[in-house]
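In my numbering, the protein residues as written are 371 to 601. Data first, discussion second: the structure below is written as structure tokens.
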Ligand code: DX5
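Take a look at the structure:
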């Protein structure tokens with residue numbers, strides 16, 4: 371697998387929008403359709419008002435693809451479950467800055483378990499939340515919707531936060547990931563603002579042409595970069 375640098379455009383398919391009645395088949399299909407990462411949304415009905423899946427589902431779909439599993443924990447607390455997700459096959463785990471009082475400890479534990487660590491910020495959380503954990507981060511995830519559901523509308527106020535985080539990251543090897551309402555019409559906005567990892571659920575799975583949707587998202591990002599000369 372080619373090494374992805376923190377500037378490459380990455381398209382991560384969020385399986386929250388997949389057909390749960392055939393999840394293994396859907397993971398194979400979106401892999402073959404050209405996504406770079408598989409994003410798996412874990413929700414507990416406590417931190418967010420929805421319940422999705424746990425480590426057992428991650429374990430069940432792990433054999434379906436070699437693509438990295440980007441597990442987004444929308445749960446609180448998260449520390450007690452990190453080892454289970456590592457054992458189930460997660461390559462990367464993202465925890466929410468808002469999920470508990472000890473973000474640095476959670477990030478250390480993720481790395482100690484051999485996974486890449488990410489932090490997610492809900493729309494109301496300022497970029498300052500990451501300032502003292504940058505040395506532990508593989509990526510920062512800016513939520514461009516309020517977490518919990520697919521198919522929501524993009525919150526354009528997050529563009530300023532994306533720009534601010536791109537500045538904070540500087541030349542560090544940290545990905546800037548965006549998630550929520552990401553599709554061909556919003557991709558140019560977030561790419562120009564500095565995001566390089568584009569998570570999309572309905573933008574990939576809706577309509578059934580997964581390859582066409584992924585290509586359209588990738589092309590829209592590359593075109594925006596070329597136009598804005600974003601490095
Ligand atoms: C929302 C999830 C997102 C969601 C994105 O809480 O974290 O990953 O699946 O779905 P779309 O791309 O449809 O907004």
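Virtual Cβ for every residue (Gly too), placed ideally from N, Cα, C. All values derive from a computational prediction rather than experimental measurement.
Ordered along the chain, which non-local residues of its own chain (more than five positions away) have a Cβ less than 7 Å from that of residue i?
i: residue 459; result: 428, 429, 432 and 439
i: residue 592; result: 379
i: residue 419; result: 518
i: residue 386; result: 411, 422, 520 and 571
i: residue 556; result: 524
i: residue 513; result: 490, 491, 492, 493, 549 and 550
With residue i as the anchor, note down where its alpha helix (DSSP H) starts and where it stops.
i: residue 538; result: 528 to 539
i: residue 503; result: Note, residue 503: premise wrong, no alpha helix (DSSP H); not H, not E.
i: residue 400; result: 393 to 402
i: residue 592; result: 580 to 598
i: residue 389; result: Unbroken run through residue 389: none, as it is neither H nor E.
i: residue 430; result: 425 to 431
i: residue 474; result: 473 to 482
Give me whichever residues DSSP pairs with residue i in a beta bridge.
i: residue 380; result: 567
i: residue 488; result: 464 and 509
i: residue 548; result: 512 and 568
i: residue 418; result: DSSP, once it has assigned bridges, lists no residue as partnering residue 418.
i: residue 440; result: 409 and 462
For the ligand DX5, is there a heavy atom less than 7 Å away from the beta-carbon of residue i?
i: residue 386; result: yes
i: residue 444; result: yes
i: residue 557; result: no
i: residue 549; result: yes
i: residue 417; result: no
i: residue 517; result: yes
i: residue 411; result: yes
i: residue 522; result: yes
i: residue 573; result: yes
i: residue 494; result: no
i: residue 510; result: no
i: residue 526; result: no
i: residue 431; result: no
i: residue 476; result: no
i: residue 607; result: Any answer about residue 607 is impossible in this case: the structure gives the chain only from 371 up to 601.
i: residue 400; result: no
i: residue 428; result: no
i: residue 569; result: yes
To which residues of the same chain is residue i closer than 8 Å at the C-beta, ignoring the five residues directly before and after it?
i: residue 600; result: Because residue 600 carries a pLDDT of 47, less than 50, the predicted location of this residue cannot be relied on, and no value is offered for it.
i: residue 500; result: 467, 489, 491, 507, 510, 535 and 538
i: residue 399; result: 580
i: residue 504; result: 538, 539, 542 and 544
i: residue 515; result: 493, 522, 523, 524, 525, 549, 550 and 551
i: residue 397; result: 385, 388, 408, 431, 434 and 435
i: residue 495; result: 467 and 468
Determine whether the Cβ of residue i lies closer than 8 Å to any Cβ atom of chain D.
i: residue 538; result: Of the protein chains in the structure, only one exists, and it is not chain D.
Output needed for residue i: all residues of its chain with C-beta closer than 6 Å, excluding positions within five of it in sequence on either side, in chain order.
i: residue 523; result: 551
i: residue 481; result: 487
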